[in-house]
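There are 2 protein chains.
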Amino acid sequence: MSGLLFVLSGPSGVGKSTLRKEVMKRCPALKYSISYTSRAPRRDEKEGVDYYFVDMETFEEMKEKGEFIEWAKVHGNYYGTPRRQVEEWLKEGFDVILEIDVQGAKQVKKNCPDGIFIFIAPPSLKTLEQRLRERNSDPEDEILLRMTNAHLEMQSIRDYNYLVVNDVLEEAVDKLRSIIIAERCRIR
Amino acid sequence: MSGLLFVLSGPSGVGKSTLRKEVMKRCPALKYSISYTSRAPRRDEKEGVDYYFVDMETFEEMKEKGEFIEWAKVHGNYYGTPRRQVEEWLKEGFDVILEIDVQGAKQVKKNCPDGIFIFIAPPSLKTLEQRLRERNSDPEDEILLRMTNAHLEMQSIRDYNYLVVNDVLEEAVDKLRSIIIAERCRIR
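Taken in order, these protein sequences are the chains called V and Z.
Under the numbering used here, think of the first position of the first sequence as 5, with each following residue one higher.
Under the numbering used here, think of the first position of the second sequence as 5, with each following residue one higher.
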């Protein structure tokens, strides 16, 4: 019996990381695939915990070798999910959660149509902009780029199985946990 | 926007009533449609709370008039869900939960294919038999009839969307609640 693949996606700054970490505390049987990125670590990010940080050249080599289940260049930086670990976990029957951007989710949907795709949306685009500014780790032009992309990304909601609006964190975590538990009860 | 129809079903004695009552405490926005039955009330059952208790003749008249969204004769007694109230609630956008036997669920599936069908199963048929005997409200031949039906009913699981095994009550209630919350997040 194969495990379930949960794909958490949504605009940059919507709170995917926080949600994913909180839901993993409540659903311990979930395996998280750590992504590779070519961008520099943010203040609080740790190698091998939040990401594997590599340079552009290393990333491009891995990409050429087909080592990513999905990869994307977002705001000038590469992000990718290593293929082998995810496939092994699923085969062994473990449920896996990915936390990726909207471009990446589209690729996973093509490769793994049986995945469970969850779109995390902000209560409004205005709230999203405030959150990006409060995070205070990105320069102004990057914030504007992220906002433009968010507008476009909101239009792909219909390609997803579930929508979770991240307004009150505890409620959003509960919804995410419910989706995982419900999918485990689903008859396929 | 129309409400969601949750159909809770499974063999007699599996604990549908208890589960339904517990989940309604945790999901207050759920409307419960009280069924009609021609059987006599059990010790702890109340008119207009657990069922509307009517005689065989009244039930058959309502049935002829098409007043039931589903009805069934189970172990010699009629059970039926009144149509009008359920349809009104759904139209007004309320989510509705039905607690019905497996025959009844089949009829609802024909009439409302968009309903969400949840099968409640016992951990084993042996456990089910113990529970029926502990309930101590049914005569021996009725228990044997229920067990024979349970065997058959377990084979219709594949017609349902979800399977919840009622082993530890709290866990089963949590699963049921998760299914309801998840379905409210589902993109249709």
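For glycine and all other residues, C-beta sits at the position ideal for the given N, C-alpha and C.
Bear in mind that the values here come from a model prediction, so they are computed numbers and not experimental data.
- For F121(Z), no alpha helix (DSSP H) encloses it; the enclosing beta strand (DSSP E) starts and ends at 120-125.
- Cα atoms of N170(V) and A176(Z): separation of roughly 27 angstroms, rounded to the nearest angstrom.
- Taking the CA atoms as reference points, V53(Z) sits about 24 angstroms from K179(Z).
- Rounded to whole angstroms, the gap between the alpha carbons of G97(V) and P32(V) is 14 angstroms.
- When DSSP states are grouped into helix, strand and coil, A44(V) belongs to the coil group.
- K69(V) and Q134(Z) have their C-alpha atoms roughly 59 angstroms apart.
- Here V53(V) carries a coil assignment [DSSP, helix/strand/coil].
- D48(Z) and S141(Z) have their alpha carbons spaced roughly 10 angstroms apart.
- For the region 16-31 of chain V, no residue has a beta-carbon sitting nearer than 8 angstroms to a beta-carbon of chain Z.
- Interface annotation, L173(V): not in contact with chain Z, CB-CB separation never under 7 angstroms.
- Within chain V, the residues placing a beta-carbon under 8 angstroms from that of Y166(Z) are A186, C189, R190, I191, ordered along the chain.
- Taking 8 angstroms as the Cβ-Cβ cut-off, the region 37-60 of chain V has no residue approaching chain Z.
- With a 10 Å radius around the Cβ and a threshold of 16 neighbouring Cβ atoms, R181(Z) comes out buried.
- Exclusion of the five residues before and after F10(V) leaves I101, I120 as the residues of its chain whose Cβ lies within less than 6 angstroms of its Cβ.
- Under the three-state reduction of DSSP output, A76(V) falls in the strand class.
- For K179(Z), the neighbours in chain V by C-beta distance under 7 angstroms run, in chain order, I185, C189.
- S182(Z) belongs to the set of residues whose beta carbon lies under 7 angstroms from a beta carbon in chain V.
- Exclusion of the five residues before and after Y55(V) leaves S39, T41 as the residues of its chain whose Cβ lies within less than 6 angstroms of its Cβ.
- Chain-order list of chain V residues neighbouring I161(Z): I191, by C-beta distance under 7 angstroms.
- Between the alpha carbons of M66(V) and F72(V) lies a distance of about 7 angstroms.
- Assigned with DSSP and collapsed to three states, F98(V) falls in coil, not helix or strand.
- The C-beta of S21(Z) has fewer than 16 other C-beta atoms within 10 Å across all chains shown, which makes the residue exposed.
- Membership of V27(V) in any beta strand (DSSP E) is not indicated; the residue belongs instead to the alpha helix (DSSP H) covering 20-30.
- Look at R137(V) here: in three-state DSSP terms it is helix.
- Comparing alpha carbon positions, the residue from T85(Z), I183(Z), K77(Z) closest to I124(Z) is I183(Z).
- Looking at V172(V), L34(V), T85(V), the one whose alpha-carbon comes closest to that of Q111(V) is T85(V).
- Looking at the backbone, the Cα of N153(Z) and that of P15(Z) are separated by about 7 angstroms.
- About 4 angstroms separates the beta carbon of F63(Z) from that of Y82(Z), a gap short enough to meet the 8 angstroms contact definition.
- L167(V) sits close to I191(Z), with the two beta carbons spaced by under 7 angstroms.
- In this structure, DSSP gives V58(Z) a state outside helix and strand, which the three-state scheme calls coil.
- Inter-residue distance for I122(V) and V90(Z) is about 30 angstroms (C-alpha atoms, whole angstroms).
- Shown here for S6(V): same chain residues with a beta carbon closer than 7 angstroms to its own, the five before and five after excluded, namely L94, K95, G97 in chain order.
- By a beta-carbon distance limit of 8 angstroms, S13(V) contacts I104(V). Their separation comes to about 6 angstroms.
- Take R139(V), set aside five residues on each side of it, and the residues of its chain with a beta-carbon closer than 8 angstroms to its own are G17, in chain order.
- At a Cβ-Cβ threshold of 7 angstroms, L8(V) and E187(V) count as neighbours.
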